[in-house]
Amino acid sequence: MRRMLTFRDFDWTLLAMVLVLCTISVMEVYSATLHTRFSNFHTKQVFWIVGGLVAMFILSKVDYHKLIDWSPWAYGICLVALAAVKLVGHKALGAKRWFAFHGFQFQPSEWVKLVLVLVVARYFANLGGRNLTWREIFKALALVGVPMVLVLVEPDLGTTLIYMPVLIAGLFLGGISLRQSLILMTCAVVLIGGAWSSGKVLKPYQKARLTSFVNPDNDPKGSGYQVRQSLIAVGDGGIWGKGAEKGSQTQGYFLPIPYTDFIFAAFSEEHGFVGAILVLLLYFFILMRLIQNAQTAADLSGSLIIMGIVAVLTFQIAVNVGMVIGFMPVTGIPLPLMSYGGSSVLFTFLALGVAMNVRMRRFVN
Amino acid sequence: MVSEHRDNRGEKIPNIKLVAVQWGILLLMLALVAGLWRLQVLGAQNFRSLAEQNRIRKVPVLAPRGKLFDRDNRLIVDNYPSVSCFLVREQGHNVDADLPLIARGLNLDLDQLRATLRHYRGEPGYQPIPIKQDMTADESAFVAAHRNELPELETIDEERRLYPRDGFAAHLIGYVGEVSEDDLNNPRYATYEPGDVVGKAGVEETYDALLRGEDGARDVIVDSHGREVGYLGTQHAVPGKDLNLTIDLDVQKAAELALGPREGAVVAMDPRNGEILAMVSHPGFDPNAFAVRINRTEWSRLVTDPAHPLMNRAIQAQLAPGSTFKILMSLAGLEEGVAQDMHVFCAGGATFYGQFHACDRHHGTVDIEHAIPWSCDTFFYTLADKLGIDTIARYAHEVGLGQRTGIDLPNEATGVVPSTDWKLRNFHEKWYAGETISVGIGQGPVTVTPIQLTRMIAGIASDGHFVRPHVVDPAQLPQEFRSALYDSFPGSGAATVSMQNSTWMTITQGMAGATDPTQGGTAAASHLDGIDFAGKTGTAQIASHAAIKLMKGVDTRPTGWFVGVIPRRNPEFVVCVLFQHGDWGSNAARLATYVAAAYVDKQRRLEHNILEQAGQTKPVEVGALWSNPDGKGGFQGGHFVVDGAAVDGELQNAEAGKDASRGPKPQSDVAASMYGLKSVRENSFGQIFRVRIGGSSSLQAAESAQNSEVALATGPLKPALWPWARVLTQTLKPVPSPKPAPSLKPVRFEFTGPIQPAMIVPRREDVP
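Quick note, the sequences are listed as chains A and B, same order. The working numbering puts the first residue of the first sequence at 717, with every later residue one more than the last. The working numbering puts the first residue of the second sequence at 921, with every later residue one more than the last.
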């Protein structure tokens, strides 16, 4: 029988931390778009967040087992959508990643993340956590690999990379052995090396972006420009920051897209080391809270879902902040809960909704 | 559906794996914190300054360049406001695709625009590329209207040079252009930056440091598109210094017209102080073509033109002086005591060292007095042979040949004075005495520039007083610039060469004869009635007769020279004309007369010029004071009427009047000049002139004999100051002198009775 669910079981602590981050996000989007033609973005961001919250509550009401059951269908739809966007999608900045839809742009590759988390969780939960055979591993690789290839040809290198942690988390938690993982890693290195040098998989600008972070001064006006300006912005903030709406790198548009991919740089310039540490702490606690939820989940599939989400979020935070401070190449991966953008906000809240879902049902059955 | 998937309850992720994940995330976060620490705490200082550099841009405020005026404050070179367009590649979205639109909007040639951009390919993207100067209002409007589509275009307001049209005085003035890379490596240009506009020739180059002023800057806050979003402060530009040239536009105009389309140069100078009154070199060029970026075809046309239009012939043409060199030969010959007693028989030439040297006429027996006006070659062949090359060279060096005159214009040429040393050094050969013969008539290896010749003749006619020619009066220059300018021309400059009186008299007399029709002078056609215009012609072959036959199609007509002075002794005006392919020196002399006449006309027109007034039929009233010849007693005074018509009147010593005052003895620093009068200062009764009665100040004999001074006051006499009415007529007579001053016109003075002490207006320096 099924007990009535109440929102008493909802993870309010997690939600509080998330909302604090969302508030910071709206404030920084406001500051970064001040005096530009995007100056209404912070209100739009509020709408996205409210929409995300609603979606999150709705999703948390649907039993995640049902979501897992539906996930193969969703997976199939995603593959069709990704193929379609290549054919009929809206071309922006040289890449077809979007559907334009009544003035809103819709980026299917964002949604694939969530579906992939569910599919992978379903796959490994069905295997029951025992040691994996090579056959099972290759099936998992194919499961993630097909949408990755479809996104890669859009071309959207950043999102492609986001799918990797879903796979890695699934394999790691789903029971891959040390020996198998070493063999896989060796193969991956060889494959990536081959892809890099063949010149057919990655476009030159993608390669340039991936390497210019190492030494941005080699190309100060090209792809190194963004890295350089980001480093200047972060460093310019100092310990206490220059104050809201006072960062010269942010306000003078030296920092590229300071409201989306480089919002952390903008925030660091205006609120300094102290502010940046605060944000990182919030992320850390959110992730820890999610892992705790995974521990207490009612079954393996719930744990795997939450850990998949943790993997995606951790990866995005690490890559985005790493990019901003010059540790990582520029890949165009947004910072969850901070970067402006409907798809990103909705994905994050839906992911959290699924996580809440798992938590709320931890005592069920 | 629920029943479909297997029940995996109780299966859990091993806790150890989750803890591992937690530790992994913690390490990741610590790594990010370390990265932030590195940037925000350790590197804050560095990144803050980088952010400032991003944000603040210095926008230059261009200083207007100093204007150039002539000696009478008439404008020669002006500035005009102009808008230039620059292209900044990093500000554009797709510059290459925009080029056709830009070319259309700015009326540029698309291919040339592409070529310009290619030229700057290696420069950083923020470097502004100049693509259009002197934009029209339409073109400016085009840029303003396309701010959003063409963010790479920037306009800058600046002041540009406006030069006289048709190349008027172009070589003298020079032109400006963008500083070249070679210049930037030169320590002289240490303070210049790429893109600066600098003087490239003439006065513009020499006086660039003064003319350019100092650019200011505005510190503006910009965004990443270079748009101004704020403003911090301004350093104001210091405008360049305006300069007065010594050029007299009237004389310059006459010289330009006189030379006309002919190839050559004209230099006119005041030999008393070296002020250049006119300097012309033809063919010329239009410096306005350089003020706006010169296009390549025009530039290559100017550079490759066989007539060398960019060359300032007045200071750079090194040519054989021809017979004008005979002035120097005469000086050497007379000073060495050789020429005085020479009587040479001229039978249309003579043979020296087995070779016949021709003269253009059979002059018969010639002495030095006739050799100069007749320009007898045979006489000077003989003189050269007697003197020898090294004596000639010594005198030539003394009067400034073979070296720069030190004129304040760039790239002056030195000319050549041959000597045995010179030949040994340059050709490693011994000098043959036969070579000296043609040097005697200014042929052979000897070459001079027009400015050297001007200075030489001016100095000799001024009794050995040589000056440094200049086109800008040094009095208006800052002290350090002036000394730097003088230091940069070591060697010649002002110099005094002592010569015997008789030498001076003979040479100047000979030059006067050259323009005197009654003496059969070579420039008789250039005689100017009523003007004491003396000079010397020169006709210099540019190739031997044998060589001329081989040079088909090349203009091998000889070079015509003329150097003239007004008056013949202690001149106030000297003019030198170089007429290339002019056939004869007399042709050059005719051109010189235009310039000389223009000068004299101008002087006669001048206000307060006593002589001009004296030329009128009505006598002019003047008041006067003078000291006693014996130096005892005080002043005497009078009321004079200067009457130029009384040319036959004798000048006598003013009869001593009664003592007027026991005031201090007037100083004897009298500046008598051309007509014996020079304005000293103004006071309440008009313009004061002081003269030494009876002669010019440089006449030593007259000075000792006549130590009187007269203060003449021109202008209306004020009854309150000059109440006495009785008029005495007194004529003044110059004391006979071995060096008569022919320019001092006879003046008749009328004056009234003695001045009462109370009526004397004290001189300014006498007032305690």
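By construction, the Cβ of each residue, glycine as well, lies at the ideal position given by its N, Cα and C atoms.
By the criterion of a C-beta distance shorter than 6 Å, Pro1159 (chain B) is surrounded in its chain by Ala983, Pro984, Gly1133, once the five residues flanking it on both sides are discounted. A residue is called buried once 16 or more other Cβ atoms fall within 10 Å of its Cβ, and Leu898 (chain A), having fewer, is exposed. With a cut-off of 8 Å on Cβ pairs, the segment 1014 to 1024 of chain B is not in contact with the segment 1165 to 1176 of chain B, counting fewer than three such pairs. Membership of Asn1421 (chain B) in the alpha helix (DSSP H) is indicated by the continuous run 1421 to 1434. Taken through DSSP and simplified to helix, strand or coil, Pro920 (chain A) comes out as helix.
At least one C-beta of chain B is nearer than 8 Å to the C-beta of Ile948 (chain A).
A distance of 8 Å or more separates the beta carbons of Thr1111 (chain B) and Val981 (chain B).
Interface annotation, Lys978 (chain B): not in contact with chain A, CB-CB separation never under 8 Å. Counting along the chain, the unbroken beta strand (DSSP E) around Phe1482 (chain B) starts and ends at 1479 to 1486. At least one C-beta of chain A is nearer than 8 Å to the C-beta of Gln960 (chain B). Taking Leu1029 (chain A) as the centre and dropping the five residues before and after it, the same chain places the C-beta of Leu1003, Pro1052 closer than 7 Å to its C-beta, in chain order. CA-CA distance, Asn974 (chain B) to Leu769 (chain A), rounds to 40 Å. Taking 8 Å as the CB threshold, Gly1057 (chain A) stays off the interface with chain B. Going by C-alpha positions, Gln967 (chain A) is about 41 Å away from Arg1081 (chain B). The distance from the Cβ of Asn842 (chain A) to that of Gly891 (chain A) is about 12 Å, inconsistent with a contact at the 8 Å cut-off.
Within chain B, the residues placing a beta-carbon under 9 Å from that of Gln1011 (chain A) are Lys932, Ile933, Asn935, Leu938, ordered along the chain. Below 8 Å, enough C-beta pairs join the segment 792 to 807 of chain A and the segment 854 to 864 of chain A to call them touching: three or more. Chain order gives the chain A residues near Asp1143 (chain B) as Gly968, Tyr969, where near means a beta carbon separation below 7 Å.
Spanning the alpha carbons of Leu1062 (chain A) and Val1070 (chain A) requires a straight line of approximately 12 Å. Taking the C-beta atoms as reference points, Ile955 (chain A) is found nearer than 8 Å to Val990 (chain A). Listed along the chain, the chain A residues whose CB falls inside 8 Å of the CB of Asn974 (chain B) are Gln945, Ile948, Ser964, Gln965, Gly968, Phe970.
Leaving aside the five residues that flank Ala748 (chain A) on each side, the residues in its chain whose CB is nearer than 7 Å to its CB run, in chain order, Thr966, Pro974, Tyr975, Ile979, Ala982. Bounds of the alpha helix (DSSP H) holding Gly1058 (chain A) are 1058 to 1076. Asp1015 (chain A) is classed as buried because its beta carbon has at least 16 other beta carbons within 10 Å across all chains shown. For His1277 (chain B), the uninterrupted beta strand (DSSP E) segment begins and ends at 1275 to 1278. Under a 10 Å Cβ-count criterion, Asp1102 (chain B) is classified as exposed, with fewer than 16 other Cβ atoms of the shown protein chains found around its own Cβ. For the pair of segments examined, the segment 750 to 757 of chain A was found not to touch the segment 1038 to 1053 of chain A: the number of CB pairs separated by less than 8 Å stays below three.
A direct Cα-to-Cα measurement between Ser1019 (chain A) and Gly874 (chain A) gives close to 26 Å. Val953 (chain B) reaches chain A at Ile993, Leu996, counting residues in chain order whose Cβ is nearer than 8 Å.
By the Cβ criterion, the segment 1073 to 1091 of chain B is in contact with the segment 992 to 1012 of chain B, since at least three pairs of Cβ atoms, one from each stretch, lie closer than 8 Å.
Taking every protein chain shown into account, the CB of Lys958 (chain A) has 16 or more other CB atoms within 10 angstroms, so this residue is buried. For Tyr839 (chain A), the closest C-alpha among the options A:Ala1027, A:Pro788, A:Gly1038, A:Leu998 is that of A:Pro788. For Val835 (chain A), the nearest beta carbon of chain B is not closer than 8 Å to its own beta carbon. With distances taken between CA atoms, Val835 (chain A) lies nearest to A:Ala790 out of A:Ala732, A:Lys923, A:Ala790. Beta-bridge partners assigned by DSSP to Glu1355 (chain B): none are found. The contact set of Leu731 (chain A) on chain B, defined by CB atoms closer than 9 Å, is empty, because the minimum CB distance reaches about 20 Å.
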